[in-house]
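Enquirer: The structure that follows is given in the form of structure tokens.
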Amino acid sequence: MSWAFASLAILSVALLAGFAWYERTHPPSKVIALVATLAALAALGRIAFAPIPNVKPTTDIVLIAGFALGGAPGFVVGAVAALASNLFFGQGPWTPWQMVAWGLVGLLGAVLARAGRGRARRVPMALWCGAAGLMFGAIMDLSTWTTFAGGHTLDEYLVISGTSLPWNLAHAAGNVAFYLAFGPALVTALQRFRSRLDVRWLTVE
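Residue numbering for the sequence shown follows my numbering, starting at 8 and increasing by one per position.
As structure tokens, this is what we get:
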């Protein structure tokens, strides 16, 4: 079994698990509509900033979606955004990697929300968006290594990572700037939306 085929099988299982998890949560229609809207916004943001290499608000939107709405919706926003935007950029063996990578960014947002009890402090969140960009880049470096490298050695991976480092740093810096520009407002808006859907049953004695 080739490295490319094995990685595709693993990615497919991860994507199926993520979408199945989302389906098992039985999201209400308003959440489904919001997830679709955020995925479209993330995809359009990637397309709009295409002239600036590797600078895009997609990662921020996905992380914020996971932070405000939870892990399953965040994963779906990231995965769908990658698939939809590649209708413009072109589909290929990199697509499942991007879907999983941005899906994991959505999961990271949910972890941050749980760790911070839903409080999104401006500077730490901006830095986490930058870190998410580096994580995305590392995963895509791994995709290049498994799909196109010849010997699949550590030296080859280090060369790939070194070559892509300037682009990954640009992605991270752009994420920090985007979050400082619109992140807090988007977090607040999505958390207000989420709070309207939370129903608590009280016991009447």
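Note that the Cβ used here is the ideal one computed from N, Cα and C, for glycine as well.
Let me know the secondary structure DSSP gives ALA127 once reduced to three states.
Expert: In the structure shown, ALA127 falls within a coil segment according to DSSP collapsed to helix, strand and coil.
Enquirer: Assess, as a yes-or-no matter, whether the segment 155-175 is touched by the segment 78-95 under the definition of 3 or more beta carbon pairs within less than 8 Å.
Expert: no
Enquirer: Among residues of its own chain, excluding the 5 on either side of LEU187, which ones have a beta-carbon nearer than 6 Å to its beta-carbon?
Expert: Within the same chain, LEU187 has close Cβ partners ALA133.
Enquirer: What is the DSSP secondary structure of THR160, reduced to helix, strand or coil?
Expert: coil
Enquirer: Among the residues of its own chain, which have a CB less than 6 Å from the CB of GLY140, if the five just before and after it don't count?
Expert: Correct list, in chain order: THR66, HIS178, ALA179, ASN182.
Enquirer: Taking buried to mean at least 16 other C-beta atoms within 10 Å of its own C-beta, is SER150 buried or exposed?
Expert: buried
Enquirer: Taking the alpha-carbon positions, what's the LEU193 to ARG203 distance?
Expert: 16 Å
Enquirer: For the alpha helix (DSSP H) that ASN93 lies in, which residues bound it at each end?
Expert: 78-96
Enquirer: Taking the beta carbon of ALA24 as the centre, do at least 16 other beta carbons fall within 10 Å, making it buried, or is it exposed?
Expert: exposed
Enquirer: Given a threshold of 16 other Cβ atoms within 10 Å of its Cβ, counted over all protein chains shown, does ASP148 qualify as buried or as exposed?
Expert: buried
Enquirer: Which word fits ALA40, buried or exposed, when buried means at least 16 other C-beta atoms lie within 10 angstroms of its C-beta?
Expert: With a 10 Å radius around the Cβ and a threshold of 16 neighbouring Cβ atoms, ALA40 comes out exposed.
Enquirer: Quick check on the DSSP output: the alpha helix (DSSP H) that includes ILE39 runs from which residue to which?
Expert: 36-55
Enquirer: Can you list, in chain order, the residues of its chain whose CB lies under 6 Å from that of LEU197, leaving out five sequence neighbours each side?
Expert: The answer, listed in chain order, is ALA75.
Enquirer: Helix, strand or coil, according to DSSP, for VAL211 in the structure here?
Expert: Any reading at VAL211 must be qualified, since the residue scores a pLDDT of 48, below 50, and its modelled position is unreliable; no value is offered.
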